[in-house]
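Undergrad:
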RNA sequence: GGAGGAUUAGCUCAGCGGGAGAGCGCUUGCCUUACAAGCAAGAUGUCACAAGUUCAAUCCUUGUAUCCUCCACCA
């Protein structure tokens, strides 16, 4: 066999792009023709921007899951796609237009939408390129967009079906309204921010001129919409005035005083002006009392014809200033106090949200929420980590109807038409061209579009062809695992479950994996405005996709936020480099070798040891990944490959490779190849590029690693006893190395070492067998295993382990007093441990209550401490003789 | 106001009812022909504080403190 030269330095840029292309050309990510289906749908990124570190984390974890399953023989499908992100995308385009001095109305609906599609295409290109660079093994043949033809059909089907079931209705309602975006927002699209403001105490005179009362308000400009003043019925102060009439200052309208329990006794004056059209609480209160709601706002957020003329056309902030001036001038303003309170802002553009009375479409949620709750209670779905189940339940229990209409142009237009002649409303799966009632052709479609989440809540089945009865649905639905950050549990996850229960009769997935957020090293959320974000592409450019993926996975402890900076990714980078070089070493030794069959009867202790360790690593990875404990899996492969394989096994093999016979060399190389190719398979889900690149260079392998089988625990290669004994051997090596290091003995100075096992110690023969290897590890010129205690070690420096003692002949270098001091410290430490153990063992309660293993363990510890103390004492005596 | 999370080595974080861990950083010695992005040997901790449960608490319970999220919201 010839040597294969791997590039001397690991540089991911040399191969990552080429490898991804090979995967695509090899159809590596298409689901296998057979096997049990395993599906993940990717949370579709918005087409407004580029992917950030949170996406990198998310998609890395999904990719690890799907690659792991694919290699274990599942029929794995990962569905990618993007979301049209109604408000966000429309805002991007409107901002562009604003730079040109245009508004969307200047273009008209059709041209505006066309332009938005162009933006979508551009961002889409960037996003899919980024996903490819991260190594995401999604099936691009299954890629979907929330506004493509199939998904639009699904949206329409779901709307009309819900309408037919009486679950969609149109109603006048007080909604959150963003004047800038010009659209209603769902409750959870409003972000509250504590904002300094003022509380104004304002006098409202009695209609009969007999004085006045004082109300407190933060928004005096809404007083023109007041229809009452409310007090708490239990408020002794105001018992007698309920029912009396007041006159509104500045406009002269009469309003009554009513009693309602929602009014707080403590806050302000205990009197609240009721403005149903501009405050959610007042809206509820107004409904309870059958009061009119007077809308004061135009759709653009300015005041309308329901206010006195001088205030019309002003925005609320300007109007407030003027109203306050006028109140003061009229002697109505009692006092102004500073008052910080939470003000709602649009989650997309940050504008202050106004409660706004308008016609909107709603979905009744109660029934669906109950089904979604039941799905959790029945164990149909589960969250990882589990604590999110509470969050999910509490939200569903308190759910309110969902406002789904948005006054935007970019999105799924509501499938409702109005007959211009007879006023008939038509809700239809297909575009109607005639009124069913009056046969008029003058039909106009509802101008509004649907909330973005109204398409994404169908994502797990709409992407598989619903409402059609497709083979994909049969093969891949329901999906298994959903990976998402916690910030969209309400927006998206809960709604997907409700939609799926409603339309498919079952939950859309089984496991919901909630990841943490990626933060900077100060713990701040990465955001554009702070400029503290790290671009995944920068990380990939600098360290490679493998490095980024491995680092994120290593840090992703169940749902905890991860804090990273650019340097954090050195962890993964160094690991990839280590792998690269380990393989290079093997390939450099392939020259002239031939692969032979690997038979355990020819194994050395180290061979057995490394196979046992490999088995353990495989078992750990499988169980950790199945439980979504990503960091545990990453740590397992890291320590197996680096500490076990590179630090010990390869070092051990070097002996045979330089000194062994041809047969021994062939055998060693064959095992190395075997371990390496299994390691590549084991590690591939985590670091797919470098393992695939190496796979292509390893002898005796075929095809792509991405579609190779995952290694399995092999009981025939499990050697528990040898594994333990090699552990003791390593301990002996460490003792000598420590002695050498502590005493400042140069590495090239060969030492004489004697190992003296305790009588009957199980590792004695191993020490004898591996004398040469141990001597090399220790830098020993002469290593003797003293089985009968006959060797004179009185001139040697002693150290002890459980079961054996190691004597190093370093007389000339020993600093006797300080070594004795160390040994005394060792004795003191062990003495203390022994006391603790003795205390336990003499405690009758402990003996009576503790598990028998715990007692056995404690007894073993006692023996251990005693032995170590005995040895140390002996060693002090010995040192004193030196 | 409600809920959740965090508090472990200088930093970022694992872990766990019975002897405190990793990576990075730091110290010391090594260019040992795979890797100096490396090898070897080290140092560093009242596991936030207090009480309780337990034979046994860093781990479970309760409370306290500090920090961070989310939800709700009083004009």
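In my numbering, the protein residues as written are 232 to 1113.
Even glycine gets a Cβ: it sits at the ideal position worked out from N, Cα and C.
Just so it is clear, the structure is predicted and the values come from calculations on it, not from any experiment.
Going by DSSP, name the residue or residues bridged to residue 657.
TA: The partner list for residue 657 (beta bridge, DSSP) reads 648.
Undergrad: Quick one: residues in its chain with C-beta nearer than 6 Å to the C-beta of residue 864, no 5 flanking neighbours on either side, listed in chain order?
TA: The answer, listed in chain order, is 852, 855 and 856.
Undergrad: Quick check on the DSSP output: what are the complete beta strand (DSSP E) runs of length 3 or more inside the stretch 280–363, in order along the chain?
TA: The qualifying runs are 306–310.
Undergrad: With DSSP as the reference, identify every bridge partner of residue 745, one or two as the case may be.
TA: BP columns for residue 745 point to 715.
Undergrad: Would you mind stating whether residue 635 and residue 677 have Cβ atoms separated by less than 9 Å?
TA: In this structure, residue 677 does not lie closer than 9 Å to residue 635 by Cβ.
Undergrad: Any idea what DSSP makes of residue 1012, helix, strand or coil?
TA: Residue 1012 falls in the strand class under three-state DSSP.
Undergrad: Buried or exposed, going by whether 16 or more other CB atoms sit within 10 Å of the CB of residue 797?
TA: Residue 797 comes out exposed.
Undergrad: Could you say which of 1009, 416 and 603 lies nearest to residue 734 if we only look at CA atoms?
TA: Closest by alpha carbon: 603.
Undergrad: For residue 502, list the residues DSSP reports as bridge partners.
TA: Note: residue 502 sits in a beta bridge opposite 462.
Undergrad: Among 583, 514 and 521, which has the Cα closest to the Cα of residue 547?
TA: Taking only the C-alpha atoms, the option nearest residue 547 is 583.
Undergrad: Here's the rule I'm using: 16 or more other beta-carbon atoms within 10 Å means buried, otherwise exposed. How should residue 493 be labelled?
TA: Exposed, by the Cβ-count rule.
Undergrad: Taking C-beta to C-beta, are residue 790 and residue 590 nearer than 9 Å?
TA: Cβ distance not < 9 Å, so residue 790 and residue 590 don't count as in contact.
Undergrad: Output the distance between the C-alpha atoms of residue 1041 and residue 1110, rounded to the nearest integer angstrom.
TA: Each residue's Cα considered, the two are about 11 Å apart.
Undergrad: Per DSSP, which residues does residue 1029 bridge with? Please list them.
TA: According to DSSP, which records beta bridges pairwise, residue 1029 is partnered with 1038.
Undergrad: Can you name the start and end residues of the alpha helix (DSSP H) that residue 404 belongs to?
TA: Unbroken run through residue 404 is the beta strand (DSSP E), 399–409; no alpha helix (DSSP H).
Undergrad: Within the stretch 542–615, note down every full beta strand (DSSP E) run reaching 3 residues or more, in order along the chain.
TA: Complete beta strand (DSSP E) runs here, min 3: 564–569, 572–577, 585–594 and 613–615.
Undergrad: What does a CB cutoff of less than 8 Å around residue 535 pick up in its chain, not counting 5 residues either side in sequence?
TA: Counting only Cβ-Cβ distances below 8 Å, and skipping sequence neighbours, we find 526, 527, 528, 529 and 543.
Undergrad: So what does DSSP say about residue 432, is it helix, strand or coil?
TA: In the structure shown, residue 432 sits in a strand (DSSP, three-state: E or B).
Undergrad: Take residue 294 and list the residues in its own chain whose beta-carbon comes closer than 6 Å to its own, dropping the five residues that flank it on each side.
TA: Only 367 and 368 meet the Cβ criterion.
Undergrad: List the residues that DSSP assigns as beta-bridge partners of residue 425.
TA: Beta-bridge pairing links residue 425 to 573.
Undergrad: Can the beta-carbon of residue 748 be found closer than 9 Å to that of residue 716?
TA: In contact: residue 748 and residue 716 (Cβ atoms closer than 9 Å).
Undergrad: Select from 437, 291, 284 and 277 the residue whose C-alpha is nearest the C-alpha of residue 714.
TA: For the residues 437, 291, 284 and 277, the minimum Cα distance to residue 714 belongs to 291.
Undergrad: Distance check for residue 1100 and residue 1070, CA to CA, integer angstroms please.
TA: When rounded, the distance between both Cα atoms is 17 Å.
Undergrad: In the DSSP assignment, find the beta strand (DSSP E) that holds residue 488 and state where it starts and stops.
TA: It spans 485–490 - the beta strand (DSSP E) in which residue 488 sits, taken as one unbroken run.
Undergrad: Which partner residues does residue 634 have in the DSSP bridge list?
TA: Bridge partners of residue 634: 593.
Undergrad: Along the chain, where does the beta strand (DSSP E) that runs through residue 448 open and close?
TA: Per DSSP, residue 448 belongs to the beta strand (DSSP E) from 443–448.
Undergrad: Grab the span of the beta strand (DSSP E) containing residue 415 for me, first residue to last.
TA: Run containing residue 415: 414–416, per the beta strand (DSSP E) assignment.
Undergrad: Can you tell me whether DSSP reads residue 988 as helix, strand or coil?
TA: Three-state result, residue 988: strand.
Undergrad: Can you tell me the Cβ-Cβ gap for residue 1024 and residue 982, rounded? I've got them flagged as a contact below 8 Å.
TA: Between residue 982 and residue 1024 the Cβ distance is about 13 Å, and since that is not below 8 Å, they are no contact.
Undergrad: Comparing alpha-carbon positions, which option in 1063, 520, 563 and 423 lies nearest residue 574?
TA: Nearest option by C-alpha distance: 423.
Undergrad: Which residue's Cα is closest to the Cα of residue 524: 1089, 1060 and 457?
TA: The shortest Cα separation from residue 524 among 1089, 1060 and 457 belongs to 457.
Undergrad: Contact check, residue 444 vs residue 472 under 8 Å by CB: the rounded distance?
TA: Yes, they are in contact, since the Cβ atoms of residue 444 and residue 472 sit about 7 Å apart, within 8 Å.
Undergrad: From residue 230 to residue 1095, what distance separates their C-alpha atoms?
TA: For the chain, the structure presents residues 232 to 1113; residue 230 sits outside this window and is missing.
Undergrad: By how many angstroms is the C-alpha of residue 704 removed from the C-alpha of residue 580?
TA: Approximately 38 Å between the Cα atoms of the pair.
Undergrad: The alpha helix (DSSP H) spanning residue 958 covers which residue range?
TA: That run of the alpha helix (DSSP H) goes 951–973.
Undergrad: So, is residue 1059 buried or exposed, given that buried needs 16 or more other C-beta atoms within 10 angstroms?
TA: It is exposed - the Cβ of residue 1059 has fewer than 16 other Cβ atoms within 10 Å.
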